[in-house]
């Protein structure tokens, strides 16, 4: 069984140590919820897991091999959902997704029946945006744009989802759809790491409290 | 991989077409500024002919420079750049695709507008082809080299001021060779050597500039 692990990670942003000595393990089908107040390093940890940021110390390990040895393979197995929605206002919802489907590889019809375009339609359907597929994204509400960003997760099958506050701005129905998507993803053996302040239903998820890895001494005095 | 790059170029073209003002500004700037010189200097044909190569090239260069800041800025601000950096396709290939789209929406329109300016300055048929050839070879280099500057200044405050400072020195060879090609044709000498050197610059910039810009972008999204 393959594991996604972090070993003794230290993250430095600017001059400041965000966390130190942090370790985690996510098994196949597993879920990890990052917990901690604002500024405790949840987003930094997710960026580190995605490879956008290099750890100052420690290493990320996938299936007993260090991620840094083959960053391209790591990028090809993850979906990252950051704070920003990466939605182009002048493109329609479907056009936005069609672009990401091909940019992320796998093609618009990846893992779906019905050829190119079917993947985009299915992703919109799963997040409940079907009726809005031809509407320019600038007409969408903030929550709808967030849903469009989440729909990207359904375009291509990836083993690791890294979600930064995925539920911000979502209504109850959409949170339900996201949870259904997460359950399907884990059913297929996918892993999830979520940073969130809202309650999200992830059965059997482990919690990682980032306050346990704050650097000692003076850092606590800083207001940020 | 190439499919992903092409779809990025396609998306940028579509964005440019829907926000027509952006691409239009560059050509308009080029035509207006180049048209102002004859008005300010006077209609003496020999003077106009003498300054034409330099004016056309400097104006084209400034017009391209004007559009550089936006090359990566929108993608940086809306989070697309992070996702592109995480895409399985090499980032340098995606940068190349963005440069292609940038050239098609700024460099190529400027080249297409150049005949109008050439007429204005009274350039003859013998200088006309070298001018178009030099611009076709030179303007893609402007987009490619400019991408390095645009990528390096992402996230910096007042990046718009930094880009010209970084990029203009690197533009100088293109400017000199481009103007020399037209000068040579006007003087009845062959323009081919200058065109060949412009082509060599382009061939060097094609692989190197995307690599440098991609490295800078990785720093920007860190």
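Residue numbers (our numbering), protein chains in the order written: chain A, 1 to 224; chain B, 1001 to 1222. Glycine included, C-beta positions come from ideal geometry on N, C-alpha and C.
Residues bridged to residue i (per DSSP)
i                       : result
residue 161 of chain A  : A:79, A:192
residue 10 of chain A   : A:57
residue 25 of chain A   : A:5
residue 209 of chain A  : A:35
residue 17 of chain A   : A:12
residue 62 of chain A   : A:4, A:65
residue 1053 of chain B : Note: residue 1053 of chain B sits in no beta bridge, so no partner.
residue 166 of chain A  : According to DSSP, which records beta bridges pairwise, residue 166 of chain A is partnered with nothing at all.
Residue i and residue j closer than 7 Å at C-beta
i                       : j                       : result
residue 1009 of chain B : residue 1100 of chain B : yes
residue 5 of chain A    : residue 67 of chain A   : no
residue 1114 of chain B : residue 1198 of chain B : no
residue 1145 of chain B : residue 1205 of chain B : yes
residue 1220 of chain B : residue 1154 of chain B : yes
residue 59 of chain A   : residue 7 of chain A    : yes
residue 1096 of chain B : residue 1173 of chain B : no
residue 1116 of chain B : residue 1063 of chain B : no
residue 100 of chain A  : residue 152 of chain A  : yes
residue 186 of chain A  : residue 39 of chain A   : no
residue 1165 of chain B : residue 1156 of chain B : no
residue 1167 of chain B : residue 1149 of chain B : yes
residue 34 of chain A   : residue 206 of chain A  : no
residue 1185 of chain B : residue 1127 of chain B : yes
residue 1003 of chain B : residue 102 of chain A  : yes
residue 1038 of chain B : residue 1048 of chain B : yes
residue 199 of chain A  : residue 46 of chain A   : no
Same chain only: Cβ atoms within 6 Å of residue i, ignoring 5 sequence neighbours per side
i                       : result
residue 1190 of chain B : none
residue 1235 of chain B : This structure leaves residue 1235 of chain B out entirely; chain B is present only between 1001 and 1222.
residue 1178 of chain B : 1057, 1134, 1138
residue 80 of chain A   : 50, 162
residue 133 of chain A  : 93, 94, 124
residue 74 of chain A   : 51, 67
residue 130 of chain A  : 124
Chain-order list of residues whose beta-carbon lies under 7 Å from that of residue i (same chain, five-residue window excluded)
i                       : result
residue 90 of chain A   : 136, 138
residue 36 of chain A   : 42, 209, 210, 211
residue 168 of chain A  : 146
residue 87 of chain A   : 96, 137, 145, 148, 149
residue 25 of chain A   : 3, 5
residue 1158 of chain B : none
residue 182 of chain A  : 192, 202
residue 1001 of chain B : 1089, 1093
Sequence-distant residues of its chain with Cβ nearer than 8 Å to residue i (five each side left out)
i                       : result
residue 54 of chain A   : 48, 68
residue 197 of chain A  : 165
residue 128 of chain A  : 147, 173, 174, 177
residue 1005 of chain B : 1089, 1093, 1094, 1096, 1097
For residue i, the nearest candidate out of the options (CA to CA)
i                       : options                        : result
residue 57 of chain A   : A:9, A:198, A:167              : A:9
residue 120 of chain A  : A:170, A:143, A:92, A:198      : A:92
residue 1152 of chain B : B:1030, B:1217, B:1077, B:1064 : B:1217
residue 1106 of chain B : B:1082, B:1074, B:1065         : B:1065
residue 263 of chain A  : A:30, A:83, A:27               : The requested residue 263 of chain A does not occur in the structure, where chain A is confined to residues 1 to 224.
residue 1170 of chain B : B:1017, B:1147, B:1187         : B:1147
residue 1122 of chain B : B:1052, B:1006, B:1176         : B:1052
residue 1130 of chain B : B:1081, B:1157, B:1195         : B:1195
residue 1011 of chain B : B:1050, B:1038, B:1042, B:1075 : B:1075
residue 171 of chain A  : A:193, A:180, A:143            : A:143
Contact list for residue i against chain E, beta-carbon separation under 7 Å
i                      : result
residue 118 of chain A : The question asks about chain E, but that chain is absent: this structure's protein chains are A and B.
**Under 9 Å (Cβ pairs) to chain A, residues found in the stretch 1064 to 1089 of chain B** = 1074, 1075, 1077, 1078, 1079, 1080, 1081, 1082, 1083, 1084, 1085, 1086, 1087, 1088, 1089
**Item:** Selection of the stretch 61 to 76 of chain A by Cβ proximity to chain B, strictly under 8 Å
**Value:** 72, 75, 76
**Prompt:** Can you list, in chain order, the residues of the stretch 34 to 64 of chain A whose Cβ is nearer than 9 Å to any Cβ on chain B?
**Reply:** 47, 50, 51, 52, 53, 54
**Prompt:** If you measure beta-carbon to beta-carbon, which residues of the stretch 140 to 151 of chain A are closer than 7 Å to chain B?
**Reply:** none
**Item:** Short-range partners of chain B found in the stretch 159 to 182 of chain A, where Cβ spacing is below 9 Å
**Value:** none
**Message:** Give me the subset of the stretch 1121 to 1149 of chain B whose CB atoms are less than 7 Å from a CB atom of chain A, sorted by chain position.
**Reply:** none
**Item:** Proximal residues, the stretch 83 to 96 of chain A versus chain B, C-beta separation under 8 Å
**Value:** 83, 84, 85, 86, 87, 88, 90, 91, 95
**Asked** If contact means a Cβ-Cβ distance below 9 Å, which residues of the stretch 1010 to 1021 of chain B contact chain A?
**Response** 1010, 1011, 1014, 1015, 1018, 1019
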